[in-house]
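Written below as structure tokens is the structure these notes are about.
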Amino acid sequence: MAGCAAKTVYEIFQSMEYGPTAAPSAATAQAWLEHHSRSLGLFIDGAFVSPAGRRSCPLTDPKGSVVCSIVCSEDEDVSRCSSSAVSGYKSWSSLTCSQRSRVLLRLVSVLGLHGQCVSELCDLCGAACSPTALVRLLQFYSSWAQLRDALLCDWTPVGVVVVVTSDDSSLYSLMLKVLPALAMGNSVIAVPGRSAAPPALLLAQLLAAGGLPAGALNVLTGSDVTLGAKVAQDPNASFVTYSGNQQDGAALCKATAGMGLPVSVSLCIGPVCPFIIFESADMDSAVDEVVQAAFKKRKEVHWVLCVQESVSESVTARLKLRIAGLKCVSLRSDADRVLVDAAVEEAQQQGATLVQSCPPPPGSQYPPTLLCGAAPSSPFVVSPPPGPLLPVVTFRSNAEAVVMGNHSPHGHAASIWTEDLTLALETAHSLSVGSVWVNSSSVVDPCLPVSGHKDSGTCTDGGQEGLYQFLRPSGSTPLPRSAPGLMDYTRFGTEPSQAFIPESSEPGSSPQSYLQFVGGKACKSVSGCTMAVRAPGGSAVLALCPDGGRKDVRDAVEAAVKVQPGWKKKSPSARAQSLYSLAKGLEAKRLELAASLVSQTGVSLDEAGQEVDLSITRLSVWAAYCDKMQGGSLPMPQSGTALAIPEALGVVGIILPDKRPLLSMVTLLGAAIATGNAVIMVPSQKHPLPALAFIQVLQSSDLPAGVVNIITGSPDQLTVALANHSVIKAIWYWGSAQGRQYLQHTCASPVKSLRLFHQDQEGNDGGPDWTRSQPSLLQDLWRNAVQWKSVWIPSA
Amino acid sequence: MSARNAGSVLDLDWISRVRVNHQAVLKRAQYIQSLKVSKKQWQAAWLLKAVTCIDLTTLAGDDTPSNVHRLCLKAIQPVRLDLLKNMDMHDKGITTAAVCVYPSRVADAVRSLKAAHSDLPVASVATGFPAGQTPLETRLQEVRLAVRDGAAEIDVVINRTLALSGQWEAMYRELHQFREACGDAHMKTILATGELGTFTNIYKASIVSMMAGSDFIKTSTGKEPVNATYPVAIVMARAIRDYYLSTGYKVLDPIILTCKIIIPIYHYVTGRYAAFHELPMA
Numbered sequence: 001m002a003g004c005a006a007k008t009v010y011e012i013f014q015s016m017e018y019g020p021t022a023a024p025s026a027a028t029a030q031a032w033l034e035h036h037s038r039s040l041g042l043f044i045d046g047a048f049v050s051p052a053g054r055r056s057c058p059l060t061d062p063k064g065s066v067v068c069s070i071v072c073s074e075d076e077d078v079s080r081c082s083s084s085a086v087s088g089y090k091s092w093s094s095l096t097c098s099q100r101s102r103v104l105l106r107l108v109s110v111l112g113l114h115g116q117c118v119s120e121l122c123d124l125c126g127a128a129c130s131p132t133a134l135v136r137l138l139q140f141y142s143s144w145a146q147l148r149d150a151l152l153c154d155w156t157p158v159g160v161v162v163v164v165t166s167d168d169s170s171l172y173s174l175m176l177k178v179l180p181a182l183a184m185g186n187s188v189i190a191v192p193g194r195s196a197a198p199p200a201l202l203l204a205q206l207l208a209a210g211g212l213p214a215g216a217l218n219v220l221t222g223s224d225v226t227l228g229a230k231v232a233q234d235p236n237a238s239f240v241t242y243s244g245n246q247q248d249g250a251a252l253c254k255a256t257a258g259m260g261l262p263v264s265v266s267l268c269i270g271p272v273c274p275f276i277i278f279e280s281a282d283m284d285s286a287v288d289e290v291v292q293a294a295f296k297k298r299k300e301v302h303w304v305l306c307v308q309e310s311v312s313e314s315v316t317a318r319l320k321l322r323i324a325g326l327k328c329v330s331l332r333s334d335a336d337r338v339l340v341d342a343a344v345e346e347a348q349q350q351g352a353t354l355v356q357s358c359p360p361p362p363g364s365q366y367p368p369t370l371l372c373g374a375a376p377s378s379p380f381v382v383s384p385p386p387g388p389l390l391p392v393v394t395f396r397s398n399a400e401a402v403v404m405g406n407h408s409p410h411g412h413a414a415s416i417w418t419e420d421l422t423l424a425l426e427t428a429h430s431l432s433v434g435s436v437w438v439n440s441s442s443v444v445d446p447c448l449p450v451s452g453h454k455d456s457g458t459c460t461d462g463g464q465e466g467l468y469q470f471l472r473p474s475g476s477t478p479l480p481r482s483a484p485g486l487m488d489y490t491r492f493g494t495e496p497s498q499a500f501i502p503e504s505s506e507p508g509s510s511p512q513s514y515l516q517f518v519g520g521k522a523c524k525s526v527s528g529c530t531m532a533v534r535a536p537g538g539s540a541v542l543a544l545c546p547d548g549g550r551k552d553v554r555d556a557v558e559a560a561v562k563v564q565p566g567w568k569k570k571s572p573s574a575r576a577q578s579l580y581s582l583a584k585g586l587e588a589k590r591l592e593l594a595a596s597l598v599s600q601t602g603v604s605l606d607e608a609g610q611e612v613d614l615s616i617t618r619l620s621v622w623a624a625y626c627d628k629m630q631g632g633s634l635p636m637p638q639s640g641t642a643l644a645i646p647e648a649l650g651v652v653g654i655i656l657p658d659k660r661p662l663l664s665m666v667t668l669l670g671a672a673i674a675t676g677n678a679v680i681m682v683p684s685q686k687h688p689l690p691a692l693a694f695i696q697v698l699q700s701s702d703l704p705a706g707v708v709n710i711i712t713g714s715p716d717q718l719t720v721a722l723a724n725h726s727v728i729k730a731i732w733y734w735g736s737a738q739g740r741q742y743l744q745h746t747c748a749s750p751v752k753s754l755r756l757f758h759q760d761q762e763g764n765d766g767g768p769d770w771t772r773s774q775p776s777l778l779q780d781l782w783r784n785a786v787q788w789k790s791v792w793i794p795s796a
Numbered sequence: 001m002s003a004r005n006a007g008s009v010l011d012l013d014w015i016s017r018v019r020v021n022h023q024a025v026l027k028r029a030q031y032i033q034s035l036k037v038s039k040k041q042w043q044a045a046w047l048l049k050a051v052t053c054i055d056l057t058t059l060a061g062d063d064t065p066s067n068v069h070r071l072c073l074k075a076i077q078p079v080r081l082d083l084l085k086n087m088d089m090h091d092k093g094i095t096t097a098a099v100c101v102y103p104s105r106v107a108d109a110v111r112s113l114k115a116a117h118s119d120l121p122v123a124s125v126a127t128g129f130p131a132g133q134t135p136l137e138t139r140l141q142e143v144r145l146a147v148r149d150g151a152a153e154i155d156v157v158i159n160r161t162l163a164l165s166g167q168w169e170a171m172y173r174e175l176h177q178f179r180e181a182c183g184d185a186h187m188k189t190i191l192a193t194g195e196l197g198t199f200t201n202i203y204k205a206s207i208v209s210m211m212a213g214s215d216f217i218k219t220s221t222g223k224e225p226v227n228a229t230y231p232v233a234i235v236m237a238r239a240i241r242d243y244y245l246s247t248g249y250k251v252l253d254p255i256i257l258t259c260k261i262i263i264p265i266y267h268y269v270t271g272r273y274a275a276f277h278e279l280p281m282a
């Protein structure tokens, strides 16, 4: 800047150029770092510890100078941390709700004193987070801490929660997980990514100063995401949740597969998000917003600008004018520059026109660039490089805008611009993304419940809905911890099922042969093979059922996908009527179903009758729930309207438990379809008959063909088929540790939400007691069958 | 001054397509105002530029030749000479853009400026300023008389009745007649944004004014309860950009700011904050 300093007033008066913006002061943060001799330790048991002999890892600012160094934790630190977290959980969860709330609130005033230091430190480390956003988070979750027992009775905290974020995550996304976990009474081991590590350590210190019991929040730092897996391996951990980019998320899921630990991920860094401008939009405001969102230095999402063809010229003209006045943006590294250059060159080769304010200078500076004439399939749209690039695509009609916006594996967010409220709401409902910002972009608030749709995550953060990942219904048993076994993932489920061969039996008593149910039709398996269903305890062949496989799953998914959008679109009361009629149909076939239960499980006729009765009630309960599971309008601090909308996941795969074969199936089926999903169910291999007998009830019901599919066969083989079908968004699984490990490993990318339950060879499981209709158990089920979308419509 | 805005035919289709999202504009204004401003010589240069864009104005019932004379001299020397010398700007013609008075004072102002050997333009408000609620005939006559007295710029106010009731064609015709009455004098159209109700109306009024041949559009008369605000400036600047994109003319939006400009300049030069008596008086 030496050359600039010599500029005279008159020269600037003539050229009207902008001066250098003064670098923000970081004196307080530097002083804090200096106080720690620029090498930060770990925060364990309420104090900083600096274990000797650890590798340390330097943290550099964007200009390349070292800010400080962080310690790479080792196994010893992890075990020390976990025992501290256990004792922290004891003391933290034994406090009353209002005591916990008070501790969190106290941090608000502590932040008032030290907010400057926190925000400077965030800026220094490149994990920008404003103190006002942190204060809002704290206030929101301290009130939830206060109201936990009043509004979330019948739920208990899960225990020790491990929160992992990737290196490029901000402090905000870390705290968006840490604070609700704390508010619900869990203790937390935070494993922040590199850039958020120093501010996270500072916040942990501030929270401890505010009265958080020692051990309730520990912070471990490391060089990469493997530390997260190491912490998860500790037997005291009960839940792992991750926020950050896709690669690290998948790596973490794979590394934790088979530990017997539920893992949820929010992949909020790096998704491609549509920015849709309709012809009815305030074009100038839309252009200003997209320029601000797409060309900022540290953007968390990649925008793709979708413009209606009728206004594309005037939007591009405005964009060109705006871009002309923009300065170059600094890339994170020289390696990024190579990626950007390659992408731009490729785009030009494909005929895209480039609009830049100036030719790109050498080095790590790059001018804001428009890539006009892109297509949704262009490589730089599908996997965009880092840097200030904005692809522009055009669409013809409103429907095409939705198709274009949805045509991506990501489902993180979308921004839509129109002054037409009907169009805005219609589009918001049709886009499968977690957040829709109408006439605005990038608004975040803890009161908005947001689930990543499609590949963007498996859990809901924010709002009341976001609290449930840190809770479990009282009385439920968590998954048993296990050590991941060595397994060959390519060989799981490939073992051919036992062939059914003619056996010598009394003449004239050939077993009854059942059909499976795919796309509304009872049918044989594609392969034509059958397998034997054996009587309880005996070896006698009770019946024959189809031996379904990959192709049966494919057909079922095809049928389900066709019918599910219509089923989801039906009014909740229409879905309720269908479920009521299903209950009525079950009542009509009461005797057949009871008989199948008796012959299959060997229970008495009385018991079987009871199970059928309970199943009828359960279906009616789900019917009643249909129009009660609703979102609503949310209280945002800004003026405007925010809507929370629960939406069906899509197609859900269920590997059913052995226990209570009819009741459990009906309960899970009800939860899934009441919320608008389609299901593909695999009856337990041991007790498939009640499910197969239920097919006649389904046939006589008015459920659209394809909403419910039942496929019998080897569970392992069908698990593999379900896990490898990208359409299926969620799998609920009862089965072996091996199967669980396979699912966790395979469903890491693209992600599926998994609900895993332990079930051993004898059919004992750790799942819910199906006969009880505890509200929290049913709520837990339907919460797993929906994903949340929040729509933000600001107004003045 | 570059080529004048010749105006264009009234494009009602364009007017009907105008859409402005209120909250987005407010948010944009908030964002721009939160940006850090350049300091040191950049701040001084930008502020001096602002000075040269100001219409130094007195529009009061008690205006007499003496205070109009003082105003003219301040317009010629808005920043103290020693401060300008310090920045090497004393010979760069730092004056305000114009002196703005009521039609009856135009002759006084022209005389004072001539005596001071200055070619600073005199601007006159006209057309029933500030309310514009007088017959079209007298409003036109007012413009002609001000031009005859030597005003080089005429500040006309739009007819808010027409704007609020959506009679854009009638408003266009009125402004067109004003423009003809101005002759060689520049026409500066005051929109009185505080009385137009919505941003959309402000946008439409801006576009219609430019189509009718305004050389400048201005936010307000200074006499409404709400005057120039940041969001309104954004809306008008966007309308100007829109007009530029379709016609290639850059209509100007003069900045209306207070004397607060001088204090930071004083601070830049001397490193001290000025007392009132150290600043030029009007």
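Chains as they are written, first to last, in UniProt numbering: chain A, 1 to 796; chain B, 1 to 282.
Every residue, glycine too, gets a C-beta built ideally from N, C-alpha and C.
In this text the structure is predicted, and so the values were computed from the model without any measurement.
Identity of the residue in the options nearest residue i by Cα
| i | options | result |
| --- | --- | --- |
| isoleucine 323/A | Val71/A, Tyr489/A, Ser238/A, Val355/A | Val355/A |
| phenylalanine 500/A | Ala532/A, Arg472/A, Gly475/A | Ala532/A |
| aspartate 91/B | Pro103/B, Ser104/B, Ile76/B, Val99/B | Ile76/B |
| leucine 390/A | Asn406/A, Gly411/A, Pro367/A, Arg396/A | Pro367/A |
| proline 208/A | Gly88/A, Ser314/A, Gln292/A, Glu120/A | According to the sequence provided, residue 208/A is alanine. The question's proline does not apply to it. The shortest Cα separation from alanine 208/A among Gly88/A, Ser314/A, Gln292/A, Glu120/A belongs to Gly88/A. |
| glutamine 630/A | Pro688/A, Thr28/A, Glu465/A | Glu465/A |
| isoleucine 32/B | Tyr230/B, Glu142/B, Asn201/B | Tyr230/B |
| aspartate 224/A | Leu59/A, Leu182/A, Glu400/A | Leu59/A |
| leucine 448/A | Asp455/A, Leu614/A, Pro646/A | Pro646/A |
| proline 360/A | Leu212/A, Gly46/A, Glu345/A | Glu345/A |
| phenylalanine 129/B | Ile158/B, Lys40/B, Arg148/B | Ile158/B |
| alanine 152/B | Asn86/B, Pro65/B, Arg241/B, Leu120/B | Leu120/B |
| alanine 52/A | Asp77/A, Lys299/A, Val340/A | Asp77/A |
| proline 478/A | Val160/A, Leu656/A, Leu179/A | Val160/A |
| serine 496/A | Trp567/A, Leu718/A, Gly457/A, Leu467/A | Note that residue 496/A is proline in the sequence shown, not serine. Ranking the options by Cα distance to proline 496/A, first place goes to Leu718/A. |
Beta carbon of residue i nearer than 8 Å to that of residue j
| i | j | result |
| --- | --- | --- |
| alanine 190/A | leucine 217/A | yes |
| leucine 663/A | glutamate 592/A | no |
| glycine 463/A | leucine 267/A | no |
| glycine 653/A | tryptophan 622/A | no |
| residue 818/A | threonine 675/A | Only positions 1 to 796 of chain A appear in this structure, which leaves residue 818/A out of reach. |
| valine 125/B | aspartate 63/B | no |
| leucine 331/A | serine 364/A | yes |
Within-8 Å CB hit, residue i to chain B
| i | result |
| --- | --- |
| aspartate 282/A | yes |
| alanine 317/A | yes |
| asparagine 398/A | no |
| isoleucine 323/A | no |
| lysine 7/A | yes |
With three or more beta-carbon pairs closer than 8 Å as the criterion, would you say the segment 519-531 of chain A touches the segment 543-551 of chain A? Yes: the two stretches touch, three or more of their Cβ pairs being nearer than 8 Å.
Cβ-based contacts, 8 Å cut-off: residues of the segment 5-35 of chain B near chain A: Those would be Arg19, Val20, Asn21, His22, Gln23, Ala24, Val25, Leu26, Lys27, Arg28, Tyr31, in chain order.
If you measure beta-carbon to beta-carbon, which residues of the segment 175-202 of chain B are closer than 7 Å to chain A? Result list empty, no residue passes.
Please identify, using Cβ separations under 8 Å, the residues of the segment 88-111 of chain B that lie next to chain A, in order along the chain. Of all residues in the segment 88-111 of chain B, Asp88, Met89, Lys92 have a Cβ within less than 8 Å of some Cβ in chain A.
Within 8 Å, do at least three Cβ pairs link the segment 779-786 of chain A to the segment 137-151 of chain B? As far as the Cβ criterion goes, the segment 137-151 of chain B does not touch the segment 779-786 of chain A, which means the pair count is below three.
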